[in-house]
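Convert by adding 375 to the 1-based position in the sequence shown; the result is the number in the working numbering.
Positions of the beta carbon are idealized from the N, C-alpha and C atoms, including for glycine.
In this text the structure is predicted, and so the values were computed from the model without any measurement.
Structure first, commentary second.
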Amino acid sequence: MPGLRDLPEAKGERHVKALCRCGWKETRSSGSHRILEKDGVEAILSIPCGGKNVKRTLLKGQLKLAGLSIEEYLKVFK
Numbered sequence: 376m377p378g379l380r381d382l383p384e385a386k387g388e389r390h391v392k393a394l395c396r397c398g399w400k401e402t403r404s405s406g407s408h409r410i411l412e413k414d415g416v417e418a419i420l421s422i423p424c425g426g427k428n429v430k431r432t433l434l435k436g437q438l439k440l441a442g443l444s445i446e447e448y449l450k451v452f453k
């Protein structure tokens, strides 16, 4: 079973694209963060896109809010 170390450290833009493939939509931006929402889900995701790689721990928290397992996320992340 994949764990925290299996999550990719990549730029925020790549993570936003992967989450969009999971049905999330980029609704707006707030400073250097992209805000994503999904119909039927109360959670709102905030992904930093300030040029640095997104830390694995932050990504894991956002995936938990999104209701995605690490395994499911790795399948759509390219």
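Requested in this report: Just mark Gly425 as buried or exposed, buried being the case when its beta carbon has 16 or more other beta carbons within 10 Å.
Outcome: exposed
- Which residues DSSP lists as bridging Val408, in chain order: Per the sequence shown, the amino acid found at residue 408 is His instead of Val. Answer by DSSP bridge pairing, in chain order: Ser405, Pro423.
- request: Return the residue from the list Glu417, Cys397, Val416, Lys392 that minimises the CA-CA distance to Ala409.
  value: Checking the sequence shown, residue 409 turns out to be Arg, not Ala. Of the listed residues, the one whose Cα sits closest to Arg409 is Lys392.
(Q) Just to confirm my understanding: we take Leu434, look at its own chain, exclude 5 residues before and 5 after, and list those with CB closer than 7 Å. What are they? (A) Leu382, His390
- [ ] Report all residues from its chain with a CB closer than 7 Å to the CB of Leu443; omit the five preceding and five following residues, and keep chain order.
- [x] Cys397
- [ ] State the beta-bridge partners of Lys400 as determined by DSSP.
- [x] Glu412
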